Every structure is written in C-alpha cells, then in structure tokens.
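Q: Chains as they are written, first to last, in my numbering: chain A, 78 to 343; chain B, 36 to 383. For every residue, glycine included, the Cβ atom is placed at its ideal position computed from N, Cα and C. The model shown is predicted, which means the values in this text are computed figures rather than measured ones. The following block contains the structure, expressed as structure tokens.
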Amino acid sequence: MTAVEVAGLRVALDKVPILHGVDLRVAAGEWVTVIGPNGAGKSTLLRAVGGLLPVTGTVRLFGTDLARLPRRQRAKLVATVAQDPVVPPGMTVFDYVLLGRTPYLPPLGRESAADLAVAGRVLARLGLSGFADRHLATLSGGERQRVFLARALAQEAPLLLLDEPTTALDIGHQQEVLELVDELRRSHGLTVLASMHDLSVAGEYADRLLLLARGKVAAEGTPARVLTEELLATHYGARVRVIPGDQGPLVVPVRADDKVRPSDGP
Amino acid sequence: MVHRPGRVSLWWLLAGIGAVVVAGVAGLALGPVRLPPLGVAAETLNQLPWVELDSGLSPRQAAIVSQIRLPRVVLGLLVGAVLALAGGVYQGAFRNPLAEPYLLGVAAGAGLGVTVTVALRGGTGLADLPLTVPLAAFTGAIGAVVLTYLLGATGGRDRSPATLILAGVAVSAFLAALQTYLLQRHIEVIRDVYSWLLGRLGGATWHDVRLLLPYAVVVTVVVLLLRRELDVLSVGDDEAASLGLHPQRSRFLLLAAASLGTAAAVSVSGLIGFVGIIVPHLIRLLVGTSYRAILPLAALFGGAFLAAADLAARTVDAPREVPIGVVTALLGAPFFVLVLRTSRRVTV
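Next comes the structure, spelled out in structure tokens:
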C-alpha cells in the first residue's frame, strides 16, 4: 500500500515557484526523510502533502486524491508537526494535546470520554502524564517537542509529517525524540515523512532519503546512495567526508586545506 | 482523569448569573428618585406577560421603573455583554491580547457616520434624530469593517491577522481624518458629536433595546456555537488547518459576528470603551485560557459590569451624569490591577 503518492507537484508561494515538478512515493510503514539545502523547498513539500497549500499536480494519500478529501477526513489521515508551532500562552499540556481530537468531534459537540482517554493514553505513552496540568509555555524545548508530537499522535492519523522535528534540540534530546518516533512507527504502524538538517541523523533513522535542491528531486534512495561526498558537494556546496557508520553513513564537515592558514593552527 | 477543558464550572456560571441579577436589581432600585424596593420588584415583574401584581407605586413611580430604569438596565446588560463577547472573540481570532472590539474600524466608522448625519442636519441636536443616528452609526461601523476586510485581502491570499490589523489602522485613520475635517467645518455640532462619542446609556428607551436585541441574540448564538474554533485557532493557522479547520473561514465568521454585534451596540450606546478589552482578560485570569469557558462568562460579567458602571455613572454625581466611558475606565482599571496582582496565573 502506498501512503503518499506525489506526481508532478508544483507549488508557488506568492507567485514565486518553489517546487518544480516533484515526484515522491512513500510506502505505508516507511520512514522517508527529505533533506536539502536551505530554501530547497523541504517545508513546502511537507505542507503540500499535508494539504495546507494550493498545489498543481497530484497528491494522493492512501489512494485518495488529497484535493477530494474533506478537511476533517484529511485530518484523520495525516497529522503535521510544524517546524516552529505556536505555543498558546496559558494553555495546559492536556488541553493542547486534546486539540488533536478536533477532527473527531461532531460539529457543535464537545470531547467524549473516549477522546479524553486517547489524550491521556498518548501523554502516558510519551512520558508526559506528569506534565498534564503544566502550562505548555513553561516546558523545556525537548518537553515541548514531545507535546507537539503528542498532539499529532492524538489525531490517530496513520501518516505523520514532521518538519525539522529536532532542530531546536540538543543531541541527546534529538535522539530521544527520534527514537520515540521510530518506536511509535513500529508499534502503531505509522508512516513518517520528515524533513531534517542533520544529515547523519537523517540517514540513521530514515529508510530512504529524498535530496531536494532548488525545488527538484536531486537524488533519492537509501541513505548510502544519497549521502555521498559528490552529491553533497554539488547541492550543498559543502566539503564533507562520508564515513560508514553502524546505522548509515556519517557525514562530517571538513575544512578545505587551502583555507586553513598557519596562524589558525595550535 | 477528571480533567475537562472548556467546561464552564457551575460555580462560575452561577456567579455570573448572580452578578447580572445583583447589578440589574441595584440598577432598578437605586437612582435620583427614591422608590420602595418591593414596589420596584413588583413593577418589574409586571412587565412579564400574565403577571398582574399590585406594586403600590404611583403611576409616575411606575413609569420611572418601567419606562426609564428598566430599559436602561436592560440596555446596559445587553451592550456590556455584546462588547465583552466581541472583545473576547477579537482577542482569540487575532491571537492578540490587546485586540479590542473597535480594532477593525467600528469606532471610526460609527463616528464618521454620526458626524455626517449631525453635520448635514446643521446641528439640530441628537435628540431630534432618534432613528437616524443609530442607523448612521451602524452603517458607518459596518462599512468601515467591510472596507478593512477588503483592504486586508489585497495584502495576500491569507488575510493574515497582522494584515487585517494594519488595514484596520489605515481605515480608522482615514475615516477619522474625514470626521475631523467635517467637524472642523461644522464646529457647531462638536458638542453633540462628542457627547455621542463618549458613550451614554442615559435616555435609553425600549426602542433602543428592540434595536439591539435581535443582533445581540444572533451574535451571541453564533459566537457561542463557534467558540471551540477559537481554541483551535490559538495553536496557529497551519496547525488549525491540519486539524481539519478552515482557519480563514472560521476567523471570518467569528469576526463578522463580533463586528456586527459591536456595530449594533455602538449604534445605540455610542463608543463605550474598556469593557471589551478588560472583561475578557479578567475572566481569562480567573478561569483559564479556553474560550469555551471565557466567552459565556465574559457575556454575563460584561453585562453586569456595564450595568453597575451605569448605576455609578448616574448616582455618584446625581442629578448630573458622569460619562459612562469615564466610569468604566475608573472602575475597571484598579479592579483589573487587583485581579492581576492576586491571580496565581498571569497568562497575558
């Protein structure tokens, strides 16, 4: 089963073309991470798949054309964690997570006991039960990221879009959040489409990588195929060394010899 | 887990209803003319259909209750409720604690409408224009909001909150300039126009109540039905969309309802400030950030607050009246500071 099927996707924001014909397939249960230099269109691609932008081309989620999905139906299929979500002042963690149940509420109804139970379960699963009554704004970056994830999980959508879920986090919390996502993917059969900046981390957690450059797919495949010194030099203009690691290639930035002057040395 | 967000606790609801009753009874019983409280109560109940109590009041006293004090108290409750409700909606829809019901140009539009009407009539006085002034204020207010909305839409596809606020500032400045010019040319009407601008409930009649009531009912129903959407909007437009909402449409409906209510309130009472911004904040400090709890309570306490402020306006310096806008600010600001200081959770 194909979770995401994108063909000939073009997106323009304020008449500036951002994506020029992107094709992408994500199988159900797969983890695909979009990488690419700043401004390549990673967030735009994720937002388009989430149905948040007007697009030309086709986006199909689990076989249904996105354009023909009613909003609430769409919200039951795909949950998004944005790059930098708004933190509503004064809102408690529990109330925030419970908003994830919005697509399941009858138009004028309120949350049922089942909705409250889902929110409670998700909080417990992410180790956030003790935070339920805390204000979201008082949490640390790592805790907040878990709460954002909890809201998305409360949506009980089979497809999770994560736009740079770890950018604001230190290494330890990056690994904690990504391990958590991977565990949830396995236990709940979720499909994950993410975007990330850290290439080594991206390669360690994704089944496949999609390298986006200037609004087009520059390379696609397993981390070993995409994370090569040549491709990264071409599309990032970066000098890197790629070292084989246990879970995928490790990308280490290196400084060009001719730029290191003697006075920089020890 | 017994946690239920957005549920208005019964105690707060009872407190709100209690505040409305106390403010209403006090507003009826107290005034420049002393009346026996029991007689006032009986006469008030006589306004209901099929109630015929012997109030023991003279016809003149009965008329003071039924034709002067009662419409004034009812109008105060309605105007206060609509302004507080609209303020809460604006603050939620714009995700901005400083938003107030006059943000999109209602005040400037209504002011210009009234100025044009009075100036063109050549200063015959507001009292001679019992129908035209509310109509002019209403038309001006609605026209200004429509203009703001159209202008905000040219800024981009999204009609983002910031664009709308800027458009509101521009429209308000433009209309205020026109109004200033007109006033300068027709200097003889300044006193009339300003007495209207300052807001007043004095001279309120059942006619004013009948003008406002349908709008107040419709707006309250629409806003209370949509109040959960304000909670969803508070997490951001993208997130709200990914949760299945149409954020622009929800915001439009809520703002349209709130603006309509504000325009109707302004048209019968003038520009009463402070209620729309302070009452929702007080409620937020007391019951938390869910608009599902804030809005119903804001309507109740907003009505009670304005009725109480009006009582103060007509009694502290009787028989003269203090402009009600002065009273709302003088009463409201210290009270707000008190709540702000004693409240555990400062959420602004």
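Which runs of the alpha helix (DSSP H) fall wholly inside the segment 105-160 of chain A and span at least 4 residues, in chain order?
A: Taking only runs of at least 4 residues, the alpha helix (DSSP H) segments lying wholly in the segment 105-160 of chain A are 119-126 and 148-154.
Q: With distance defined between alpha-carbon atoms, name the residue in A:Ala295, A:Val258 and A:Ser264 nearest to Pro271 of chain A.
A: What you label residue 271 of chain A is simply residue 194 of the first sequence in a count that begins at 1. The sequence given here has Ala at residue 271 of chain A, not Pro. Closest option to Ala271 of chain A, Cα to Cα, is A:Val258.
Q: Among B:Trp46, B:Gly127 and B:Ala342, which has the Cα closest to the Cα of Ser304 of chain B?
A: The residue you call residue 304 of chain B lines up with position 269 of the second sequence. It is B:Ala342.
Q: Is there a C-beta anywhere in chain A that falls below 9 angstroms from the one on Ala54 of chain B?
A: As a first step, residue 54 of chain B is located in the second sequence; it is residue number 19 there, counting from the start. Judged by the 9 angstroms Cβ criterion, Ala54 of chain B is not in contact with chain A.
Q: Ordered along the chain, which non-local residues of its own chain (more than five positions away) have a Cβ less than 7 angstroms from that of Val351 of chain B?
A: Here the question's residue 351 of chain B lines up with position 316 in the second sequence. Closer than 7 angstroms at Cβ, skipping near neighbours: Val357.
Q: Would you kindly check if the distance between the Cβ of Asp266 of chain B and the Cβ of Asp172 of chain A is under 9 angstroms?
A: Here residue 172 of chain A refers to the residue found at position 95 when the first sequence is read from its first residue. Here residue 266 of chain B refers to the residue found at position 231 when the second sequence is read from its first residue. Their beta carbons are under 9 angstroms apart, which means Asp172 of chain A touches Asp266 of chain B by this criterion.
Q: In chain A, which residues lie less than 9 angstroms from Val267 of chain B when you measure between Cβ atoms?
A: Here residue 267 of chain B refers to the residue found at position 232 when the second sequence is read from its first residue. Neighbours of Val267 of chain B on chain A, chain order: Leu176 and Thr179.
Q: Would you mind telling me which residues of chain A sit closer than 8 angstroms to Leu280 of chain B, beta carbon to beta carbon, in chain order?
A: By one-based count along the second sequence, residue 280 of chain B stands at place 245. By Cβ distance, chain A contributes Arg148 and Thr179.
Q: Where does the unbroken alpha helix (DSSP H) through Asp240 of chain A begin, and where does it stop?
A: Locating residue 240 of chain A in the first sequence gives position 163, where the first residue counts as 1. Run containing Asp240 of chain A: none in the alpha helix (DSSP H); it sits in the beta strand (DSSP E), Leu236 to Asp240.
Q: Would you tell me roughly how many angstroms separate the C-alpha atoms of Leu182 of chain A and Ser325 of chain B, rounded to the nearest one?
A: As a working mapping, residue 182 of chain A is identified with position 105 in the first sequence. As a working mapping, residue 325 of chain B is identified with position 290 in the second sequence. Cα to Cα, the separation comes out at about 16 angstroms.
Q: In the structure shown, what three-state DSSP assignment does Asp272 of chain B receive?
A: Looking up residue 272 of chain B in the second sequence gives position 237. Helix at Asp272 of chain B.
Q: Anything in chain B within Cβ reach of Arg151 of chain A, meaning under 8 angstroms, just list it in chain order.
A: If you number the first sequence from 1, residue 151 of chain A lands on position 74. Those are Gly279, listed as they occur along chain B.
Q: Can you pull out the residues from the segment 314-340 of chain B whose beta carbon lies closer than 9 angstroms to at least one beta carbon of chain E?
A: Here the protein chains are A and B, and chain E is not one of them.
Q: Once the 5 residues before and after Phe340 of chain B are set aside, which same chain residues still bring their CB inside 7 angstroms of it?
A: For the purposes of this step, residue 340 of chain B is taken as the residue at position 305 of the second sequence. Same-chain partners within the cutoff: Gly115, Val310 and Val314.
Q: Looking only at its chain, what residues have a beta carbon closer than 8 angstroms to the beta carbon of Ala299 of chain B, apart from the 5 residues adjacent to it on each side?
A: Reading the second sequence from its first residue, position 264 is the one you call residue 299 of chain B. For Ala299 of chain B, where only same-chain residues beyond five positions count, the Cβ hits under 8 angstroms are Val117, Phe173, Leu246, Leu247, Tyr250, Ala251 and Val254.
Q: Is it buried or exposed for Ala80 of chain A, if we count other Cβ within 10 angstroms and need 16 for buried?
A: Position 3 of the first sequence, counted from the first residue, corresponds to residue 80 of chain A. Buried is the call here.
Q: Would you please state the rounded distance, in angstroms, between the beta carbons of Gly62 of chain B and Arg104 of chain B? I believe it to be under 8 angstroms.
A: Along the second sequence, read from residue 1 onward, the residue named residue 62 of chain B stands at position 27. Along the second sequence, read from residue 1 onward, the residue named residue 104 of chain B stands at position 69. That belief holds up - the Cβ atoms of Gly62 of chain B and Arg104 of chain B are roughly 7 angstroms apart, short of 8 angstroms.
Q: Could you check where the beta strand (DSSP E) with Gly85 of chain A kicks off and where it finishes?
A: Here residue 85 of chain A is taken as the residue at index 8 of the first sequence, counted from 1. That run of the beta strand (DSSP E) goes Thr79 to Leu90.
Q: Run through the segment 297-323 of chain B for me and flag every whole alpha helix (DSSP H) of 4 or more residues, listed as ranges in chain order.
A: Counting only runs of 4 or more, we get 310-322.
Q: Counting only the same chain and skipping the five closest in sequence on each side, list residues whose C-beta sits under 7 angstroms from that of Leu49 of chain B.
A: By 1-based counting over the second sequence, the position of residue 49 of chain B is 14. Excluding positions up to five away in sequence, the list is empty.
Q: Taking Cβ positions, are Thr110 of chain A and Leu226 of chain A nearer each other than 9 angstroms?
A: On the first sequence, residue 110 of chain A is found 33 positions in, with the first residue counted as 1. On the first sequence, residue 226 of chain A is found 149 positions in, with the first residue counted as 1. In this structure, Leu226 of chain A does not lie closer than 9 angstroms to Thr110 of chain A by Cβ.
Q: Name, please, each residue of chain B whose Cβ falls closer than 9 angstroms to the Cβ of Gly314 of chain A.
A: Position 237 of the first sequence, counting from 1, holds the residue named residue 314 of chain A. The contacting residues do not exist; Gly314 of chain A stays about 30 angstroms from chain B at best.
Q: Skipping 5 residues on each side, what residues in its chain have a beta carbon closer than 7 angstroms to that of Ala121 of chain B?
A: One-based indexing of the second sequence puts residue 121 of chain B at position 86. Once the five neighbours on either side are set aside, the close Cβ partners of Ala121 of chain B are Pro136, Ala293, Gly296, Thr297 and Gly311.
Q: Would you decide whether Glu188 of chain A is buried or exposed? Buried here means 16 or more other CB atoms lie within 10 Å of its CB.
A: Position 111 of the first sequence holds residue 188 of chain A. By the neighbour-count rule (16 or more Cβ atoms within 10 Å), Glu188 of chain A is buried.
Q: When we look at the beta-carbon of Phe370 of chain B and count the other beta-carbons within 10 Å, is it buried (16 or more) or exposed?
A: For the purposes of this step, residue 370 of chain B is taken as residue 335 along the second sequence, with counting starting at 1. Result: exposed.
Q: Give a yes or no on whether 9 angstroms exceeds the smallest Cβ distance from Leu96 of chain A to chain B.
A: For this step, residue 96 of chain A is matched to residue 19 along the first sequence. No - not a single Cβ of chain B is within 9 angstroms of the one on Leu96 of chain A.
Q: What residues in the segment 100-121 of chain A bring their beta carbon closer than 8 angstroms to a beta carbon of chain B?
A: Residues passing the 8 angstroms Cβ filter: none.
Q: CB Ala29 of chain B to CB Gly140 of chain B, shorter than 9 angstroms?
A: Missing from the structure shown is residue 29 of chain B; chain B here goes from 36 to 383 and no further.
Q: Please report the Cβ distance between Val99 of chain A and Leu86 of chain A, rounded to the nearest whole angstrom; I am assuming they are in contact, meaning their Cβ atoms lie under 8 angstroms.
A: Position 22 of the first sequence holds residue 99 of chain A. Position 9 of the first sequence holds residue 86 of chain A. Rounded, the Cβ-Cβ distance is 4 angstroms, consistent with contact.
Q: Could you check where the beta strand (DSSP E) with Val149 of chain B kicks off and where it finishes?
A: Here residue 149 of chain B refers to the residue found at position 114 of the second sequence. Note, Val149 of chain B: premise wrong, no beta strand (DSSP E); alpha helix (DSSP H) at Val141 to Leu155.
Q: Taking Cβ-Cβ distances below 8 angstroms as the criterion, which residues of the segment 154-169 of chain A are in contact with chain B?
A: Going along the segment 154-169 of chain A in chain order, one finds Val155, Ala156, Thr157, Ala159, Pro162, Val163, Pro165, Pro166, Gly167, Met168 and Thr169 with a Cβ nearer than 8 angstroms to chain B.
Q: Report yes if the C-beta distance between Lys119 of chain A and Asp240 of chain A is below 9 angstroms; otherwise report no.
A: Translated into positions along the first sequence, residue 119 of chain A becomes position 42. Translated into positions along the first sequence, residue 240 of chain A becomes position 163. A contact, by the Cβ cut-off of 9 angstroms.
Q: Under the rule that 16 or more other beta-carbon atoms within 10 Å means buried, what is His212 of chain A, buried or exposed?
A: To locate residue 212 of chain A, count along the first sequence from 1; it is residue 135. Buried: at least 16 other Cβ atoms inside 10 Å.
Q: Relative to the C-alpha of Ser230 of chain B, which residue among B:Val149, B:Arg349, B:Gly111 and B:Gly323 is closest?
A: Here residue 230 of chain B refers to the residue found at position 195 of the second sequence. Nearest of B:Val149, B:Arg349, B:Gly111 and B:Gly323 to Ser230 of chain B, Cα basis: B:Val149.
Q: Among the candidates A:Arg228, A:Trp108 and A:Glu220, whose CA atom is the shortest distance from the CA of Leu246 of chain A?
A: Position 169 of the first sequence, counted from the start, is the residue given in the question as residue 246 of chain A. Nearest of A:Arg228, A:Trp108 and A:Glu220 to Leu246 of chain A, Cα basis: A:Glu220.
Q: In chain order, what are the residue ranges of uninterrupted beta strand (DSSP E) at least 3 long that sit wholly in the segment 241-295 of chain A?
A: If we require 3 residues or more, the beta strand (DSSP E) runs fully inside the segment 241-295 of chain A come out as 268-272 and 285-290.
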